[in-house]
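Following our numbering, the numbering of the sequence shown begins with 74 at its first residue and continues without gaps. Below: one structure, written as structure tokens.
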Amino acid sequence: MRKYRLTKHFYLALMILLAAAAMVAAPGGAQDVQAAQGKLYLVGLGVGDLDNMTIRAHRVLTQADIIFGMKHDFKQYAELFKGKELHEAGHLLFMEKSLQKRGRDKMPPKRMPPDKHQAMQEETRRIIREAVAAGKTVAVVSGGDPMLYGPHTGYLQEFADLKPEVVPGLSCFNAANAALQRGPNKGFVSHSVILTAAMTTSKGYKGKDTLAKLGETQSTMVFFTMRMNLPEVVAQLKESYPGDTPIAIVSYAGYQDREKVLVASLDTILEKTKGEKLPFEHLIYVGDFLK
Ligand SMILES: C[S@@+](CC[C@H](N)C(=O)[O-])C[C@H]1O[C@@H](n2cnc3c(N)ncnc32)[C@H](O)[C@@H]1O
């Protein structure tokens with residue numbers, strides 16, 4: 074009788090162990106266990122209309138207790154973020170080592186005094202570390218894909234010990250490719266695409282990627298347009314590309330109702346955009362793939 078009881082208990086314990094192992098091995102099981110320990114995510118919201126968000130991003134954001142983002146993100150995703158604790162993520166609040174090396178970390182983000190910048194960093198560290206330690210899910214959200222010119226990638230280095238996870242998003246680059254209906258890698262003289270930012274043309278820029286250098290292969294060039302000086306960019310491009318090379322401006326990529334494509338050539342673009350105020354949300358493509 075005693076032997077029978079022992080065997081019964083042994084099998085019961087074995088079944089519980091097997092069930093726990095199956096939960097961890099099941100799809101999503103490991104993530105659920107991790108969520109119970111608290112987790113930090115950097116989540117790409119996608120660009121444009123709300124249905125450009127991935128299912129994975131939606132699932133993580135639905136589970137999240139605390140969201141760090143920009144005011145406009147909170148407005149656009151108000152329904153999804155309802156009832157969650159919201160905090161401003163700050164533009165370049167934490168900087169990657171490459172920017173720190175160039176001394177950018179000594180310069181607080183625009184319009185923020187140094188003491189406010191430092192106080193915000195400290196408060197953000199406190200909130201995130203306490204929340205993760207308490208088993209909460211924290212999501213830092215970023216427009217488009219977080220890793221493409223995203224302002225919050227510095228969080229990944231700052232909180233590397235928490236093993237943050239990145240949830241990719243649909244970039245404006247993907248949405249603009251769709252709007253153009255041409256493969257940017259399918260040029261006549263080149264099969265490559267260079268993603269860059271207009272900052273490479275500004276005075277005092279110390280990188281090696283000048284437009285003259287980048288333009289040597291006449292590859293397709295795509296500009297993320299923060300602080301863009303279009304006349305300066307066009308003048309520099311014309312040193313490498315023929316004047317009849319097509320140039321396209323894609324505004325509001327990913328917004329079905331607002332998306333707009335303007336195509337011209339390097340010779341005509343300034344005339345065609347004269348007097349027009351381009352929105353913050355525009356990408357510029359240059360290359361003969363548009364011919
Ligand atoms: C800081 S970057 C962020 C890019 C973002 N991480 C992404 O993957 O889409 C901001 C720049 O992306 C471009 N951009 C953002 N949204 C856009 C949109 N809907 N359509 C076209 N360009 C957009 C603009 O050039 C803008 O200056």
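All residues carry an ideal CB built from backbone N, CA and C; glycine is no exception.
Alpha carbon to alpha carbon, how far is residue j from residue i? Give it in angstroms, no decimals.
i	j	result
T226	A162	11 Å
E289	E169	29 Å
L284	T135	42 Å
A99	Q149	Residue placement at A99 cannot be trusted, given a pLDDT of 49 that sits under 50; the coordinates are not used to answer.
T210	E238	11 Å
S275	G156	43 Å
S313	A321	17 Å
V336	K259	17 Å
P224	V116	12 Å
A252	M220	22 Å
T346	F297	17 Å
G360	F246	15 Å
G256	G348	30 Å
D105	I128	Legend: pLDDT at D105 = 47, less than 50; position of this residue unreliable, value from coordinates given subsequently. Straight-line Cα distance between these residues: approximately 16 Å.
K281	L153	42 Å
L343	L165	32 Å
Take residue i as the anchor and find which of the options has the nearest alpha-carbon.
i	options	result
D138	E158, D317 and G119	E158
G208	L113, Q309 and M299	L113
S263	F362, G111, G119 and P315	F362
F147	T293, A248, S215 and Q191	S215
S338	Y328, L303 and G327	L303
For residue i, which residues of its own chain have a beta-carbon under 8 Å away from its beta-carbon, when the five flanking residues on both sides are left out?
i	result
Y325	G121, R331, E332, K333, P352, E354 and H355
V306	A271, T274, L284, F296 and I357
K364	F261 and P319
With a CB to CB cut of under 6 Å and the five nearest residues on each side skipped, what residues in its chain are close to residue i?
i	result
L235	L113 and V205
Q) Quick one: complete alpha helix (DSSP H) runs, 4+ long, within the stretch 187-241? A) 187-206 and 227-231
Q | Complete alpha helix (DSSP H) runs within the stretch 279-313 (minimum length 4 residues, chain order) | A | 284-287 and 303-310
Q | Stretch-stretch touch, CB-based, cutoff 8 Å, three pairs: the stretch 136-147 with the stretch 231-251 | A | no
Q.
Quick check for students: name the residue ranges of the beta strand (DSSP E) that lie wholly in the stretch 254-283, counting only runs of 3 or more.
A. Runs found: 266-270.
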